[in-house]
Amino acid sequence: MGKIGMVFRAILDGERKAIDIVKELKEKLGGLEVEVADYREEPIGFGVSQLMIFLVGPDNEDVSDRVEQILGETKGISSFELDRISRI
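Position 8, counted from 1, in the sequence shown is what the numbering used here calls 46; the numbers after and before it change by one each time, with no gaps.
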């Protein structure tokens with residue numbers, strides 16, 4: 039089975055630090071065999087920042103849906119979108 043790379047763009051609500059959100063995501067995504075390959079926080083403006091999250095996981099039919107569910111349940115993320123996905 040192959041692997042896929044996913045890039046998510048998450049808007050942070052300012053309640054939590056980006057590093058704390060990433061630590062939580064690493065724990066939750068580990069059960070899906072998805073790893074956080076890299077991340078970076080970027081300021082957008084007016085005190086709002088976004089978190090670019092680079093993930094690598096198995097090429098399963100529902101893996102991106104399950105990742106989106108976890109992101110939606112993560113405190114500190116106000117919204118997110120799947121920016122890119124590709125096989126690697």
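Just so you know, even glycine gets a beta-carbon here, dropped at the ideal spot from N, CA and C.
Small disclaimer: the values here were computed from a predicted structure and weren't measured.
What are the boundary residues of the beta strand (DSSP E) that residue i is part of?
i, result
"Leu70", "Neither: Leu70 is in no beta strand (DSSP E) and is coded neither H nor E."
"Glu119", "115–125"
"Gly43", "41–50"
"Phe84", "Run containing Phe84: none; DSSP gives neither H nor E here."
Figure out for me which residue from the options has the closest Cα to the Cα of residue i.
i, options, result
"Ile82", "Leu50, Ile108, Asp76", "Leu50"
"Glu79", "Ile115, Lys66, Arg104", "Ile115"
Along the chain, where does the alpha helix (DSSP H) containing residue i start, and where does it finish?
i, result
"Gly110", "101–111"
Please state whether the Cβ-Cβ distance between residue i and residue j is less than 8 angstroms.
i, j, result
"Leu67", "Val74", "yes"
"Ala48", "Leu109", "yes"
"Arg122", "Gly40", "no"
"Leu12", "Val101", "The question about residue 12 has no answer here: the residues shown for the chain are numbered 39 through 126."
At least three beta-carbon pairs within less than 8 angstroms, the segment 86–95 to the segment 54–70: yes
Stretch pair the segment 89–101 + the segment 40–54: three plus CB contacts closer than 8 angstroms: yes
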